[in-house]
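If you count by this note's numbering, then the sequence shown holds residues 546 to 712, one letter each, in order. Note that the Cβ used here is the ideal one computed from N, Cα and C, for glycine as well. Structure record follows, encoded as structure tokens.
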Amino acid sequence: DPSDPGLDRILRAAVKHDFPVNILFWDNLDAGTALIDRHPDARFIIDHLGILQPRTPPAPPQPWADLPKVLELAKRPNAVIKVSGACTLSKQPYPYPDIWDPLARVFDAWGFERCLWGTDWTRAFAVVNYEQAVEPFRRTDRLSESERAMLMGGACAKAYGWTPKKN
Numbered sequence: 546d547p548s549d550p551g552l553d554r555i556l557r558a559a560v561k562h563d564f565p566v567n568i569l570f571w572d573n574l575d576a577g578t579a580l581i582d583r584h585p586d587a588r589f590i591i592d593h594l595g596i597l598q599p600r601t602p603p604a605p606p607q608p609w610a611d612l613p614k615v616l617e618l619a620k621r622p623n624a625v626i627k628v629s630g631a632c633t634l635s636k637q638p639y640p641y642p643d644i645w646d647p648l649a650r651v652f653d654a655w656g657f658e659r660c661l662w663g664t665d666w667t668r669a670f671a672v673v674n675y676e677q678a679v680e681p682f683r684r685t686d687r688l689s690e691s692e693r694a695m696l697m698g699g700a701c702a703k704a705y706g707w708t709p710k711k712n
């Protein structure tokens, strides 16, 4: 429940310690947006595109119905978004060509520096395996190399304040 006062305490502590907070609000984007607006100093990482995703096939009848709300949410500078589970929203088989037009709108609204890739295969293994979740992003010609690098790790490192060690 986004109105739970316990969340306010958690978010104040996150701000105090400069810690980002992952948040999932499937089917509740309005309440999630209100929570983000109520805590403009907190850093939010929105899971699973903020869009309800299936655990088993098929994709929902209107998988991108909440996309306008997701695009509106991009106006909040204190939030980034995980592009996890996008393949589960496809109505077409691997390599899921129908995900790219809606994702292009996400990338345009949020910018690649605020989009974090994720497979979601552990939650959605009945829909996609790891290879099917990663390869469309690694192989598509819809992303430049710099966009791919930001999406596939650069934005994550920035959002979590993580510096990977080089071997």
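Proximity to residue i [Cα-Cα], best of the options
{"i": "R557", "options": "H593, W609, E658, L580", "result": "L580"}
{"i": "W666", "options": "A678, C660, F657, W655", "result": "A678"}
{"i": "S689", "options": "A631, F657, Y705, K614", "result": "F657"}
{"i": "D575", "options": "W662, P547, A631", "result": "P547"}
{"i": "A704", "options": "H584, P602, P622, K614", "result": "P622"}
{"i": "W571", "options": "R687, K711, W609", "result": "W609"}
{"i": "D582", "options": "H562, F682, D553, R684", "result": "D553"}
{"i": "T685", "options": "N573, I555, A649, K561", "result": "A649"}
Pairwise C-alpha distance: residue j and residue i
{"i": "Q598", "j": "L634", "result": "6 Å"}
{"i": "E617", "j": "M695", "result": "22 Å"}
{"i": "G699", "j": "V625", "result": "13 Å"}
{"i": "I568", "j": "T578", "result": "11 Å"}
{"i": "D611", "j": "I596", "result": "6 Å"}
{"i": "R528", "j": "K627", "result": "In the structure displayed, the chain extends from 546 to 712; residue 528 sits before or after that span and is not available."}
{"i": "D646", "j": "L594", "result": "14 Å"}
{"i": "K620", "j": "A671", "result": "34 Å"}
{"i": "V651", "j": "A631", "result": "11 Å"}
{"i": "V588", "j": "F564", "result": "According to the sequence as given, residue 588 is Arg; it is not Val. Rounded to the nearest angstrom, the two C-alpha atoms are 7 Å apart."}
{"i": "P585", "j": "I591", "result": "14 Å"}
{"i": "D643", "j": "Q637", "result": "7 Å"}
{"i": "Q607", "j": "V615", "result": "15 Å"}
{"i": "K711", "j": "D653", "result": "31 Å"}
Bridge-paired residues (DSSP) for residue i
{"i": "L688", "result": "Bridge partners of L688: none, in fact."}
{"i": "N712", "result": "Beta-bridge pairing links N712 to no other residue."}
{"i": "V566", "result": "F589"}
Environment of residue i [buried if 16+ CB atoms lie within 10 Å]
{"i": "G551", "result": "exposed"}
{"i": "Y675", "result": "exposed"}
{"i": "S691", "result": "exposed"}
{"i": "A702", "result": "exposed"}
{"i": "A604", "result": "buried"}
{"i": "T664", "result": "buried"}
{"i": "P613", "result": "exposed"}
Any chance you could list the alpha helix (DSSP H) runs of at least 4 consecutive residues sitting entirely within the stretch 574-647, in chain order? 574-583, 612-618
Could I get the ranges of all uninterrupted alpha helix (DSSP H) runs contained in the stretch 642-676, with 4 residues as the minimum, in chain order? 645-655
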